[in-house]
Structure formats: C-alpha cells, structure tokens
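Undergrad:
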Amino acid sequence: MAPIYEKILEIIMLRNLFLLLAVGFLAACSQGETGAQSIPQDMAEKQTTQITDVSAVEAAGLIKSRPDIVVLDVRTPSEFAAEHIEGALNIDFKNANFATEIGNLDTSKTYLIHCRSGGRSTRSLAAFKEKGFKTIIHMNGGIIDWNKSGLPTVQ
0 MAPIYEKILE IIMLRNLFLL LAVGFLAACS QGETGAQSIP QDMAEKQTTQ ITDVSAVEAA
60 GLIKSRPDIV VLDVRTPSEF AAEHIEGALN IDFKNANFAT EIGNLDTSKT YLIHCRSGGR
120 STRSLAAFKE KGFKTIIHMN GGIIDWNKSG LPTVQ
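Quick note: the sequence shown, position 85, residue 84 per numbering that gives the first Met the number 0, numbers continuous.
#1: Whole-angstrom Cβ separation of T159 and V69, contact assumed at under 8 Å?
#2: What do you get for G34, buried or exposed, if any count of 16 or more other CB atoms within 10 angstroms of its CB means buried?
#3: Is it buried or exposed, L111, if we count other Cβ atoms within 10 angstroms and call 16 or more buried?
#4: Take the Cβ of T81 as the centre, count every other Cβ of all protein chains shown within 10 Å, and call the residue buried at 16 or more, exposed below.
#5: Check for me: the beta strand (DSSP E) holding L124 runs from which residue to which?
#6: For D91, does the three-state DSSP call read helix, strand or coil?
#7: Is I143 near S123, with beta carbons less than 8 Å apart?
#8: For I50, which residues from the same chain have a beta carbon less than 7 Å from its beta carbon, with the 5 sequence-adjacent residues on both sides left out?
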C-alpha cells in the first residue's frame, strides 16, 4: 500500500479510537448520576437514625436537662405498672403490634428507650431504625441499673 493511504488509515483509526473513548467516558459519567438517584427515600431515612448508649445516671441527667426527651419504656404493662420513670410512655416490645404502635410516634423527637435490663430495648432499636426515627438514646442496664443508681421511680 502507498504511504499516503497508510497515513489516512492511521488517522481514521485514531479518530475512531478517540470517539469510542469519548462515548465510553460519557456513558460512565451518566451511570454515576443514575446510581446516586436510585437510592430509595425510605432507605436514606433509615440510615439517618442516630443511636447513643448511655448509663442510667447519664440518662437521668439528660431527662433533667432536656425536657424535649421522651422516655419510652418497652417493658410489659404489668412491669410498667409496678414501677417506671416518671413521665415515661409504655409500648410493650413483646406486643405483636409494637412496630405499628411506635409508627404512630413523632419520629423527629428524641426518645430515651429502656426496658428491665437492656435486652428488649437493644432488640427494639432495629424497629426504630426501620421506622426512620432520627435520634434514639438507649439506656444500658434498664430499670435495674436505674434502681441500683438510687434514681427515683413512680408507680
């Protein structure tokens, strides 16, 4: 082949390679945007739940200094009736309607969650995340540690 034809063929091949790379780059860029927009809203909300573990003494200090905190006792109604933290709400974690009942709460408020010893309240945290609660304070040790710390309860 004549040298001029080889040069023309080389230029055409380089141009095609450049176009192929440009198209590939644009396709890759547009995929990134689509992927970012495809995260479901409910999934984004679930990721925003902030959970903080505190001791009974720390919980008492927070309740005293932050009147906006809602104390939520997840023990059974009979346990709650025997004694509870003053002003606490009671939603039984063992109740089949637990998820529905917490779904009726204001998810933008800060909740201090506790049970008897910390087991049920720890297991309940997944439901609060699922429902999109923003801020949860979890009292480790439950009402047992509250009592051991000499903190007051009501009946």
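By construction, the Cβ of each residue, glycine as well, lies at the ideal position given by its N, Cα and C atoms.
TA: In short:
#1: Nothing can be reported for residue 159, as the shown portion of the chain is limited to 0 through 154.
#2: In this prediction, G34 has a pLDDT of 45, which is less than 50 and means its spatial position is unreliable; nothing more can be read from the coordinates.
#3: buried
#4: Reading the sequence as shown, one finds Ala at residue 81 and not Thr. Exposed: under 16 other Cβ atoms inside 10 Å.
#5: Note, L124: premise wrong, no beta strand (DSSP E); alpha helix (DSSP H) at G118 to E129.
#6: coil
#7: Using a Cβ distance threshold of 8 Å, I143 and S123 do not count as a contacting pair.
#8: L124, I135 and H137
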